[in-house]
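Trainee:
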Ligand code: DQA
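Numbering (our numbering), first residue to last: 294 to 441.
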């Protein structure tokens with residue numbers, strides 16, 4: 294079974310409590326459960342990691358080179374600032390899908406820039422928790438399972 298990394302960055306551990314009008318009322322654990330349930334259906338094995346620390350996110354992307362076929366990544370606010378994460382994604386070689394709960398294009402100006410977008414295979418944003426399941430479906434098709 295193909296394994297993928299589901300990586301979440303800063304402040305996403307506060308989902309459920311954090312600005313629910315923007316990010317929804319589900320906790321990250323509840324989103325992970327929904328991703329895990331879909332993953333079972335489509336024959337993918339996800340590993341879930343969250344960190345508020347930029348360097349830990351870099352390390353997790355590197356470590357996944359040894360085992361992952363791809364990754365779904367919500368980099369939180371580091372999306373808009375982190376050259377280190379961009380370089381890590383460019384370096385790892387496996388496909389990474391950028392994910393956001395909110396539609397960052399419809400929010401503040403500074404959220405319209407993504408440092409990581411150009412090195413990801415694509416972006417899913419604005420669908421709330423469903424951004425993750427949509428990204429999982431896309432990644433599964435891309436890496437050759439769950440498609441026709
Ligand atoms: C976010 C959007 C980012 O701009 C913000 O900093 C986040 C969450 C999202 O999922 O909508 O932390 O990545």
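Backbone N, C-alpha and C define an ideal beta-carbon position, used for all residues, glycine too.
Note that this is a predicted model, so its numbers are computed, not measured.
Taking residue 340 and residue 296 to be in contact with their CB atoms under 8 Å, please state how far apart those CB atoms are, rounded to whole angstroms.
Mentor: Contact flag correct, Cβ pair sits at about 7 Å.
Trainee: Where are the alpha helix (DSSP H) runs, 4 residues long or more, that stay fully inside the stretch 297 to 336, in chain order?
Mentor: Here the runs fully enclosed are 313 to 316, 321 to 335.
Trainee: With 16 as the cutoff for other CB atoms within 10 Å, does residue 333 come out buried or exposed?
Mentor: exposed
Trainee: Does the beta-carbon of residue 370 have 16 or more other beta-carbons within 10 angstroms, so that it is buried, or is it exposed?
Mentor: exposed
Trainee: Using three-state DSSP, classify residue 402 as helix, strand or coil.
Mentor: DSSP places residue 402 within a helical segment (H, G or I) once states are collapsed to three.
Trainee: Measure the CB-CB distance between residue 392 and residue 365 and report whether it falls below 9 Å.
Mentor: yes
Trainee: Helix, strand or coil: which one does DSSP assign to residue 436?
Mentor: coil
Trainee: With three or more beta-carbon pairs closer than 8 Å as the criterion, would you say the stretch 377 to 386 touches the stretch 410 to 417?
Mentor: These segments touch.
Trainee: Rounding to the nearest angstrom, what Cα-Cα distance links residue 318 and residue 356 in this structure?
Mentor: 31 Å
Trainee: Give the residues whose C-beta lies closer than 6 Å to at least one heavy atom of ligand 1, in chain order.
Mentor: 304, 367, 369, 370, 372, 393, 394, 395, 397, 404
Trainee: Pull up the CB-CB distance for residue 301 and residue 321, whole angstroms please, since I reckon it's below 8 Å.
Mentor: 6 Å
Trainee: May I ask which residues mark the beginning and end of the beta strand (DSSP E) holding residue 393?
Mentor: 389 to 393
Trainee: Thinking C-beta only, is residue 294 closer than 9 Å to residue 324?
Mentor: no
Trainee: Of the choices 402, 396, 335, 330, whose alpha-carbon is the least far from that of residue 367?
Mentor: 396
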